[in-house]
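A.B. asks: Residues 97 to 213 in the numbering used here are what the sequence shown spells out, letter by letter. Beta carbons: idealized from backbone N, C-alpha and C, even for Gly. Computed from a predicted model, the values in this text were never measured in an experiment.
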Amino acid sequence: ASEYTSQLLRYYQHGLRVVCVSPRRIRGNDYALIQLRHDDDERNSLCELAFQCQRSFCGVSILVKRRCFTCGRPGAPACVCACAFFCSERCSAEASDTHQDLCQRVRAFPCSVEEEV
């Protein structure tokens, strides 16, 4: 989870931001397809990962397994930012030092959250 958070923060530093979160079920596992786009459309290209997840998207995508970012429990509910998963308030509080900055950045520009396809 910390590598994922660090990567998303690097994307934000380079002008990309989360625009959509799409739930996906692949081989019996639940995932979230996190889709980021640069404000400058010229810098967005067709994303191969999104295409493999049956989604046409120009930008950058990250596929994240839906499990608690703190304890690893599967099926954890999403944070209010929709980009992280925590099974309890305790687990969320334990991760707040690393997740808080990302959570605030994502919520500054609301993204769409799609239903399972």
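1. Please state if the CB of Cys175 and the CB of Val114 are separated by a distance shorter than 9 Å.
2. Buried or exposed for His195, please, with buried defined as at least 16 other CB atoms from any protein chain shown within 10 angstroms of its CB.
3. Look up Asp136 in the DSSP assignment and say whether it is helix, strand or coil.
4. Run through the DSSP bridge pairs and tell me what Val156 is partnered with.
5. Using DSSP bridges, identify the partner residues of Ser98.
6. Rounded to the nearest angstrom, what separates Gly124 and Gly171 at their Cα positions?
7. Where does Ser184 fall in DSSP's three states?
8. Report the residue from Ser157, Val160, Ser184 and Gly155 whose alpha carbon sits nearest the alpha carbon of Thr166.
9. State buried or exposed for Phe205, treating a residue as buried only when at least 16 other CB atoms are found within 10 Å of its CB.
C.D. replies: Reading from the atomic positions:
1. no
2. Per the 10 Å Cβ criterion, buried.
3. Three-state DSSP puts Asp136 in coil, outside helix and strand.
4. Leu132
5. None, per the DSSP bridge assignment.
6. The straight-line gap from Cα to Cα measures roughly 12 Å.
7. coil
8. Ser184
9. exposed
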